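*Asks:*
In this note's numbering, the protein residues as written are 183 to 338.
#1: Relative to the C-alpha of residue 292, which candidate in 311, 317, 304 has its C-alpha closest?
#2: Ordered along the chain, which non-local residues of its own chain (more than five positions away) have a Cβ less than 6 Å from that of residue 232?
#3: Do residue 310 and residue 329 have their C-beta atoms closer together than 8 Å?
#4: I'd like to know whether the C-beta atoms of residue 300 and residue 331 end up nearer to each other than 8 Å.
#5: Using beta-carbon positions only, say whether residue 244 and residue 228 come within less than 8 Å of one another.
#6: DSSP three-state call for residue 196: helix, strand or coil?
#7: Would you grab the beta carbon distance between residue 236 and residue 248 for me? Rounded to a whole angstrom, and I think it's under 8 Å.
#8: Kindly give me the distance between the Cβ atoms of residue 189 and residue 333, rounded to whole angstroms, as I take these residues to be in contact under 8 Å.
#9: With DSSP as the reference, please indicate the residues paired to residue 337 in a beta bridge.
#10: For residue 325, which residues does DSSP report across the bridge?
#11: Return yes when the Cβ of residue 271 is within less than 8 Å of the Cβ of residue 298, no when it is not.
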């Protein structure tokens, strides 16, 4: 699987950041799976499923935690919509660096999976250059493709 990039249309990006901000209430993490299609290594986002839609207790601890049942619902929705998970996204209180927990516990533990972190619990303005974008390499290893590194991997 190549890593050409992820395309996110603006008409989906703005509501996503607004929903993450609202769901996190400015005091805890919130997240979502980004669904869409993959052609070659290019991922195109066309739909969003929020963690708390899959697991009502996803934010109970203040960080995003999904239980096994949530993944069964996720895979069923993907099948029903003929889409795949192209990335996940979640908020952090300050910066967009991966925590040790993030690095050790990818939401989808498959090489090539993309994780996006939005700082400041998605408070406005959400600036592209402050986002964290990480590609899972397997074996708890990640490749940093954040816009601050000069990477054009994420296109909004």
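Using N, Cα and C, we set each Cβ at its ideal position, and we do this for glycine too.
From a predicted model like this one, the values you see are computed outputs, not experimental measurements.
*Replies:* Straight from the coordinates:
#1: Ranked by how close their Cα comes to the Cα of residue 292, the residues 311, 317, 304 have 317 in first place.
#2: Around residue 232, the same chain offers 214 as residues with beta carbons nearer than 6 Å, after the five sequence neighbours per side are excluded.
#3: Yes, Cβ-Cβ distance for residue 310 and residue 329 is below 8 Å.
#4: No, the Cβ-Cβ distance between residue 300 and residue 331 is not below 8 Å.
#5: No.
#6: In the structure shown, residue 196 sits in a helix (DSSP, three-state: H, G or I).
#7: Contact between residue 236 and residue 248 holds: their C-beta atoms lie close to 6 Å from each other, under 8 Å.
#8: The pair is not a contact, with the Cβ atoms about 14 Å apart (cut-off 8 Å).
#9: Answer by DSSP bridge pairing, in chain order: 189.
#10: Residue 325 pairs with 317.
#11: Against a cut-off of 8 Å, the Cβ pair of residue 271 and residue 298 comes out as a contact.
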